[in-house]
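Participant: Submitted below is the structure of interest, expressed as structure tokens.
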Amino acid sequence: MDPRLHRRSEAEKGPSDLIVEWLNEASISIAEDIKITNICKVQELLLNKEPHLLDSYLNDILQFSVDRSSEVRKTITGFIEESGIKFPEVIPRTVQILLRLASDETSVVAKRALRASGRILRAALKWIASATVVTTDMELAWTQLSALKVQIINMIDSDNDGIRTQAVKFLEGVILIQTYPDPDINTFLLCILFLKICLLAWVPDTMTTIFQREYQPTATTDINIQRQTIAKLLATQIKQTKAKKNKRDKEEDAVMEDLIKNPTISVAEAKRERKREKDREKEKEAKASLEAHEKSLAKARNRMKALKLVEVTKPLPKEIKERMLLMAVNRILLSEKTAVFGGVATIRSKILTTLAATFNPYIKEAVLRYITDDMRNRLDLALGWLYEEYALLQGFQRRTTLCTKPQEAPHQAYNFLLCTLVSAIDLIQGKDRDALLSRLYLEAPLITEDAVEALKMVSSDETRGLAPLQLLKEMVVRRPTKQLVFLNVLLCHTGHENNTIREAAIQLVCQLYSRAELSKLIEEYAVLYLGFLRLHNPPEIVFGQDRGRPQIESLWTESTTRACLGLYLALLSEHQDLIHELARVYTSMGADVKRIVLRLVEGPVRSLGMGSPQLLALVENCPKGSETLVTRIIHILTETSAPSAELVARVRELYQTRVSDVRFLIPVLNGLTKKEVIAALPKLIKLNPIVVKEVFNRLLGTHNNDSGVPHTSPITPAELLIALHSIDPSKAELKTVIKATSLCFAEKQAYTQETVAVVMQHLMEMTPLPTLLMRTVIQSLALYPRLSGFVMNILQRLILKQVWKQPKVWEGFVKCCERTQPQSFAVILQLPPAQLAEALRMASNLRAPLLAHVEAFAENQKAHIPQSIMDVIQGKVPCDMLDEFDIAPRGDYSNDQKPDTMEIDLSEPAPPGLD
Numbered sequence: 001m002d003p004r005l006h007r008r009s010e011a012e013k014g015p016s017d018l019i020v021e022w023l024n025e026a027s028i029s030i031a032e033d034i035k036i037t038n039i040c041k042v043q044e045l046l047l048n049k050e051p052h053l054l055d056s057y058l059n060d061i062l063q064f065s066v067d068r069s070s071e072v073r074k075t076i077t078g079f080i081e082e083s084g085i086k087f088p089e090v091i092p093r094t095v096q097i098l099l100r101l102a103s104d105e106t107s108v109v110a111k112r113a114l115r116a117s118g119r120i121l122r123a124a125l126k127w128i129a130s131a132t133v134v135t136t137d138m139e140l141a142w143t144q145l146s147a148l149k150v151q152i153i154n155m156i157d158s159d160n161d162g163i164r165t166q167a168v169k170f171l172e173g174v175i176l177i178q179t180y181p182d183p184d185i186n187t188f189l190l191c192i193l194f195l196k197i198c199l200l201a202w203v204p205d206t207m208t209t210i211f212q213r214e215y216q217p218t219a220t221t222d223i224n225i226q227r228q229t230i231a232k233l234l235a236t237q238i239k240q241t242k243a244k245k246n247k248r249d250k251e252e253d254a255v256m257e258d259l260i261k262n263p264t265i266s267v268a269e270a271k272r273e274r275k276r277e278k279d280r281e282k283e284k285e286a287k288a289s290l291e292a293h294e295k296s297l298a299k300a301r302n303r304m305k306a307l308k309l310v311e312v313t314k315p316l317p318k319e320i321k322e323r324m325l326l327m328a329v330n331r332i333l334l335s336e337k338t339a340v341f342g343g344v345a346t347i348r349s350k351i352l353t354t355l356a357a358t359f360n361p362y363i364k365e366a367v368l369r370y371i372t373d374d375m376r377n378r379l380d381l382a383l384g385w386l387y388e389e390y391a392l393l394q395g396f397q398r399r400t401t402l403c404t405k406p407q408e409a410p411h412q413a414y415n416f417l418l419c420t421l422v423s424a425i426d427l428i429q430g431k432d433r434d435a436l437l438s439r440l441y442l443e444a445p446l447i448t449e450d451a452v453e454a455l456k457m458v459s460s461d462e463t464r465g466l467a468p469l470q471l472l473k474e475m476v477v478r479r480p481t482k483q484l485v486f487l488n489v490l491l492c493h494t495g496h497e498n499n500t501i502r503e504a505a506i507q508l509v510c511q512l513y514s515r516a517e518l519s520k521l522i523e524e525y526a527v528l529y530l531g532f533l534r535l536h537n538p539p540e541i542v543f544g545q546d547r548g549r550p551q552i553e554s555l556w557t558e559s560t561t562r563a564c565l566g567l568y569l570a571l572l573s574e575h576q577d578l579i580h581e582l583a584r585v586y587t588s589m590g591a592d593v594k595r596i597v598l599r600l601v602e603g604p605v606r607s608l609g610m611g612s613p614q615l616l617a618l619v620e621n622c623p624k625g626s627e628t629l630v631t632r633i634i635h636i637l638t639e640t641s642a643p644s645a646e647l648v649a650r651v652r653e654l655y656q657t658r659v660s661d662v663r664f665l666i667p668v669l670n671g672l673t674k675k676e677v678i679a680a681l682p683k684l685i686k687l688n689p690i691v692v693k694e695v696f697n698r699l700l701g702t703h704n705n706d707s708g709v710p711h712t713s714p715i716t717p718a719e720l721l722i723a724l725h726s727i728d729p730s731k732a733e734l735k736t737v738i739k740a741t742s743l744c745f746a747e748k749q750a751y752t753q754e755t756v757a758v759v760m761q762h763l764m765e766m767t768p769l770p771t772l773l774m775r776t777v778i779q780s781l782a783l784y785p786r787l788s789g790f791v792m793n794i795l796q797r798l799i800l801k802q803v804w805k806q807p808k809v810w811e812g813f814v815k816c817c818e819r820t821q822p823q824s825f826a827v828i829l830q831l832p833p834a835q836l837a838e839a840l841r842m843a844s845n846l847r848a849p850l851l852a853h854v855e856a857f858a859e860n861q862k863a864h865i866p867q868s869i870m871d872v873i874q875g876k877v878p879c880d881m882l883d884e885f886d887i888a889p890r891g892d893y894s895n896d897q898k899p900d901t902m903e904i905d906l907s908e909p910a911p912p913g914l915d
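In terms of UniProt numbering, the sequence shown is residues 1 to 915.
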């Protein structure tokens, strides 16, 4: 095939197609060079030309890391290195592969992986350091890199020299990139050093022999003296030159003499022999000089006496030494500005902290007083001292021989210093106090028990605000070793007497409750304190100065109940399962505690919602004795909204199977059917009048007028009042029903004039007539006087129904006629003579007005009145009461007495505001 055609076909393919083709070819091929070539092609394309495809094909490339060929694995190692350097975000996905390659059986692959590890670590550090937010991928990458470092450290003892060398180089790189640069090196010093090095290039390597031997510097600037000195040097050099020439002449003469004496030797041999003789003479002279010098040293050594400072130095008294030391420390303390300007502030702090931690109490007191005089600016020095004491406490440092013997145990010294600093900060006034206290507790190397107690007292001070409580929360999160200690302090404040401290502590604990490692502990604490409510008396643990209750009380109060219940109720919104434990404990509480609990649960319970599965389960499996609690919970949830169908179903089932107390139905009345409400009315009206009023408010929709939630009721106001009149006397006393109807009439918003008229009309049509019919008529008339015409119509219809056959209703009829005179005179005249006589006997004050009313009639009107009726009115002997008597037709009414015509039925719309 023509190569040009092949190149043209590749150019027509997209990058993804090429990558897939190369990877497939590498996977199928068994030739090592083909695999390596294709992987390199993919690497070049992904890293340099099409980096957006790297994420898609990274896993496919990394699969070659387990190839049988070591060269392929080595190539993959190079790919991991280059991809990690150019695109650090892929490091979390490649480090695990690199970790495996570093321990490869083939040394070539392992060494290549070790070299790549150093560059990957550097790239990862740059990536993490430049990030504004640390992501989970960064945390994963750092964890894997830490494991890689540990693995490479273990490879230092490898038998392979190459692997061992690469491991050492890797660790060297780790140390260099994770170590701060030397602060003593700066650009200015480097410039000076470079200039000196440049100047050295102009200096000869060695001094000339003549200059070094002859030149003697003169300590004068006089030019004449300098000239004289130079002239002497020149004269000396001239003389030395002549002397050397004479010396050479003598040596040549000696050589000539030797040649004359022994003609067989050459000139060179004669010169060498002469030189050897001179060397032997010099050696003898040097040996003699050395022996003489040794003899003189031996004599001097015998006369020498060793100097001992102990013998010649007079010791200073202890008081003077301590005073001098204190003076030196004071000078160091006063040199703060000088040390800062000189750039040795860190060294000064180290000296002070070492002296304060290791020397006598006077030094400690001086340094401590210096720190507490300005805690805002000297807290760093205080923390340095704390760390010095901590180092001594843990044995990280040893006291030098210059230090005085410790006066107290290291733990006591550290604890005293920390508590003193806390007390000093507490005396500061201003906004810096809380910031300094937080920094001290968060940066101190160790928090002692006394320091914890000090923070506990500070956080229980209501004048300090909420900052100490916030610090407690930070200590719980950032001090794992003391986590439980600080959590216990914060939990104690959830039962504080002061409401501000208690609520803030509860809020902070609820925030910590979201942490998995703390949720179980917090929940157990809340359940423990909830269990205290079973006791007859409050436990002593809820009292104390730190709880805001210094005096122990013998009876449960709302304060002590809140202390045991507040945190538990706050956790309900986070963990709704806790409501079951509350119901179980409620059954064992005292009556006073129960009343308090029923008041306190209102706020937390509202957050549950009627759709809560746990709430529905509690209603379905209500523990015996907790009915009032469950009723209260349902009452709270349904106070401003209609009950859900699930809640109504479970309450109905519980009422029908286990709980016969009708109060259990009150919260869900609006979810029941009309038939169920009417059936429960006899029991409901027997309850406390306040409860009955609440029942009617729920049914009539007057309990949540301000909530904005539309009211739905299974029964209308008219139907409710009619149902009350229809209650069987055997199920409820008449007196109880009367009180219930009075409560209805008190709700004028529900029982309007039209509604009352509907009720009266419906009651009048019932057979037999309700006992309280006329009482209701009288109440309606008193409430709405404009109903007088309608009432007259009712009275007339009652005559047709022979109302006198029901004594109670008849008595009410007469009273109504008595109260509505003179409008009722027309109705009274329609009564049969016997019933009229009885009515006038029952209401004697009706006779005279009625007679006057009749006397005022015209003659034609009087003609319509039977004589028997007139005889009864005039008080004559009545006619035979056994005679049949036709009830007179309706009389004529004046315009002001004519009853209003009302066509109203039970299907009328609800009153305004209730639709």
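Backbone N, C-alpha and C define an ideal beta-carbon position, used for all residues, glycine too.
(1) Quick one: which unbroken alpha helix (DSSP H) runs of 4-plus residues sit fully inside the region 329-373? Chain order, please.
(2) Going by beta carbon distance, what residues of the same chain come within less than 6 Å of Asp373, once the five residues before and after it are set aside?
(3) Only counting runs of 4 or more residues, tell me where the alpha helix (DSSP H) segments fall wholly within the region 818-856, in order along the chain.
(4) Return the CA-CA distance between Lys473 and Arg562, expressed in angstroms with no decimal places.
(5) Please list the terminal residues of the continuous alpha helix (DSSP H) segment that includes Gln63.
(6) Tell me the rounded alpha-carbon separation between Glu581 and Glu540.
(7) Rounded to the nearest angstrom, what separates Arg595 and Asp434 at their Cα positions?
(8) In its own chain, which residues sit with a C-beta less than 7 Å from the C-beta of Ser289, not counting the 5 before and 5 after it?
(9) Check each candidate in Arg68, Arg112, Tyr784 and name the one with the smallest Cα separation from Phe79.
(10) In terms of residue numbering, what span does the alpha helix (DSSP H) encompassing Lys41 cover?
(11) Give every residue of the same chain whose Cβ lies closer than 7 Å to the Cβ of His536, excluding the five residues on either side of it in the sequence, and list them in chain order.
(12) Buried or exposed: which applies to Met327, given that a residue is buried once 16 or more other Cβ atoms fall within 10 Å of its Cβ?
(13) Can you pull the DSSP bridge partners for Gly544?
(14) Would you mind reading off the limits of the alpha helix (DSSP H) that contains Lys674?
(15) Roughly how many angstroms lie between the CA atoms of Thr776 and Glu754, to the nearest whole one?
(16) Determine the burial state of Leu45: buried for a count of at least 16 other Cβ atoms within 10 Å of its Cβ, exposed for fewer.
(17) Let me make sure I understand the geometry here. Which of Ile685, Ile425, Lys431 has the alpha-carbon closest to that of Tyr441?
(18) Terminal residues of the continuous alpha helix (DSSP H) containing Ser780?
(19) Can you check whether the C-beta of Phe790 is within less than 7 Å of a C-beta belonging to chain D?
(20) Considering Thr143, what are the terminal residues of the alpha helix (DSSP H) in which it resides?
(21) Under a three-way DSSP split, which group does Gly84 fall into?
(22) Pick helix, strand or coil for His496, following the three-state DSSP scheme.
(23) Round the Cβ separation of Thr448 and Leu418 to the nearest angstrom and send it over; I've been treating them as touching at under 8 Å.
(24) Which same chain residues end up closer than 8 Å to Pro88 when comparing Cβ atoms and leaving out the 5 residues on each side of it in sequence?
(25) Considering only residues of the same chain and omitting the five flanking positions on each side of Ala843, which have a CB-CB separation below 8 Å?
(26) Span of the alpha helix (DSSP H) holding Met792?
(27) Given this structure, state the Cα-to-Cα distance separating Thr236 from Arg276, to the nearest angstrom.
(28) When DSSP labels each residue in this structure, what does Glu25 get in the three-state scheme?
(29) Determine whether the beta carbon atoms of Leu734 and Phe696 lie at a separation below 7 Å.
(30) So, at 6 Å on beta carbons, what are the nonlocal neighbours of Cys510 in its own chain, with the 5 sequence-adjacent residues on each side left out?
(31) Would you call the region 540-557 and the region 601-611 in contact, with 3 or more CB pairs under 8 Å?
(32) Less than 7 Å separating the beta-carbons of Val659 and Ala718?
(33) My assumption, with CB atoms under 8 Å, is that Ser519 sits in contact with Tyr513. Please give the rounded CB distance.
(34) Under three-state DSSP, which class holds Gly162?
(35) Could you give the residue range of the alpha helix (DSSP H) that holds Thr755?
(36) Starting from Lys431, trace the alpha helix (DSSP H) in both directions and tell me its first and last residue.
Facilitator: Taking the coordinates as given:
(1) 336-342, 345-358, 361-373
(2) On the sequence shown, residue 373 is found 373 positions in, with the first residue counted as 1. Listed in chain order, the non-local C-beta contacts of Asp373 below 6 Å within the same chain number zero, local neighbours out to five positions each way being set aside.
(3) 825-828, 833-842, 847-855
(4) Along the sequence shown, read from residue 1 onward, the residue named residue 473 stands at position 473. Along the sequence shown, read from residue 1 onward, the residue named residue 562 stands at position 562. Each residue's alpha carbon lies about 22 Å from the other.
(5) The residue labelled residue 63 in the question sits at position 63 within the sequence shown. No alpha helix (DSSP H) contains Gln63, which DSSP labels as neither H nor E.
(6) Looking up residue 581 in the sequence shown gives position 581. Looking up residue 540 in the sequence shown gives position 540. About 23 Å.
(7) The sequence position of residue 595 within the sequence shown is 595, counting from 1. The sequence position of residue 434 within the sequence shown is 434, counting from 1. So the alpha carbons of these two residues sit roughly 41 Å apart.
(8) Translated into positions along the sequence shown, residue 289 becomes position 289. The answer is none, since no qualifying residue turns up.
(9) Position 79 of the sequence shown holds residue 79. Ranking Arg68, Arg112, Tyr784 by Cα distance to Phe79 puts Arg112 first.
(10) Start at 1 with the first residue of the sequence shown, and residue 41 comes out as number 41. Looking at the DSSP string, the run of the alpha helix (DSSP H) that includes Lys41 is 32-44.
(11) Residue 536 sits at position 536 when you count from the first residue of the sequence shown. Counting only Cβ-Cβ distances below 7 Å, and skipping sequence neighbours, we find Gly590.
(12) The sequence position of residue 327 within the sequence shown is 327, counting from 1. Per the 10 Å Cβ criterion, exposed.
(13) Working through the sequence shown from its first residue, we reach residue 544 at position 544. Paired residues: Arg549.
(14) Mapped onto the sequence shown, residue 674 falls at position 674. 674-684 is the span of the alpha helix (DSSP H), which, as asked, contains Lys674.
(15) Working through the sequence shown from its first residue, we reach residue 776 at position 776. Working through the sequence shown from its first residue, we reach residue 754 at position 754. Roughly 14 Å separates the two Cα atoms.
(16) Counted from its first residue, the sequence shown places residue 45 at position 45. It counts as buried.
(17) Here residue 441 refers to the residue found at position 441 when the sequence shown is read from its first residue. The candidate whose alpha carbon is nearest that of Tyr441 is Ile425.
(18) Here the question's residue 780 lines up with position 780 in the sequence shown. That run of the alpha helix (DSSP H) goes 773-783.
(19) Annotation note: the requested chain D is absent from the structure, which comprises a single protein chain.
(20) Counting from 1 along the sequence shown, the entry for residue 143 is found at position 143. DSSP places Thr143 in the uninterrupted alpha helix (DSSP H) bounded by 136-154.
(21) The residue given as residue 84 occupies position 84 in the sequence shown. Here Gly84 sits in helix by DSSP.
(22) For the purposes of this step, residue 496 is taken as the residue at position 496 of the sequence shown. Coil at His496, not helix or strand.
(23) Position 448 of the sequence shown, counted from the first residue, corresponds to residue 448. Position 418 of the sequence shown, counted from the first residue, corresponds to residue 418. Going by Cβ atoms, the distance from Thr448 to Leu418 rounds to 6 Å, so yes, they are a contact pair.
(24) What you label residue 88 is simply residue 88 of the sequence shown in a count that begins at 1. Within the same chain, Pro88 has close Cβ partners Ala123, Ala124, Lys126, Trp127.
(25) If you number the sequence shown from 1, residue 843 lands on position 843. Correct list, in chain order: Val814, Lys815, Cys817, Glu818.
(26) As a first step, residue 792 is located in the sequence shown; it is residue number 792 there, counting from the start. 788-800 is the span of the alpha helix (DSSP H), which, as asked, contains Met792.
(27) Your numbering for residue 236 matches position 236 in the sequence shown. Your numbering for residue 276 matches position 276 in the sequence shown. Distance between the alpha carbons of Thr236 and Arg276: 30 Å.
(28) In the sequence shown, the residue the question calls residue 25 occupies position 25. Residue state, collapsed to three classes: helix.
(29) Residue mapping note: residue 734 aligns to position 734 of the sequence shown, counting from 1. Residue mapping note: residue 696 aligns to position 696 of the sequence shown, counting from 1. Not closer than 7 Å, so no.
(30) Taking the first residue of the sequence shown as 1, we reach residue 510 at position 510. Within the same chain, Cys510 has close Cβ partners Ala570.
(31) no
(32) Position 659 of the sequence shown, counted from the start, is the residue given in the question as residue 659. Position 718 of the sequence shown, counted from the start, is the residue given in the question as residue 718. Not in contact: Val659 and Ala718 (Cβ atoms no closer than 7 Å).
(33) By one-based count along the sequence shown, residue 519 stands at place 519. By one-based count along the sequence shown, residue 513 stands at place 513. Yes, they are in contact, since the Cβ atoms of Ser519 and Tyr513 sit about 5 Å apart, within 8 Å.
(34) Residue numbering aside, residue 162 sits at position 162 when the sequence shown is read from its first letter. Helix at Gly162.
(35) By 1-based counting over the sequence shown, the position of residue 755 is 755. Run containing Thr755: 753-764, per the alpha helix (DSSP H) assignment.
(36) Within the sequence shown, residue 431 is the residue found at index 431, counting from 1. Looking at the DSSP string, Lys431 is not in any alpha helix (DSSP H), and its letter there is neither H nor E.
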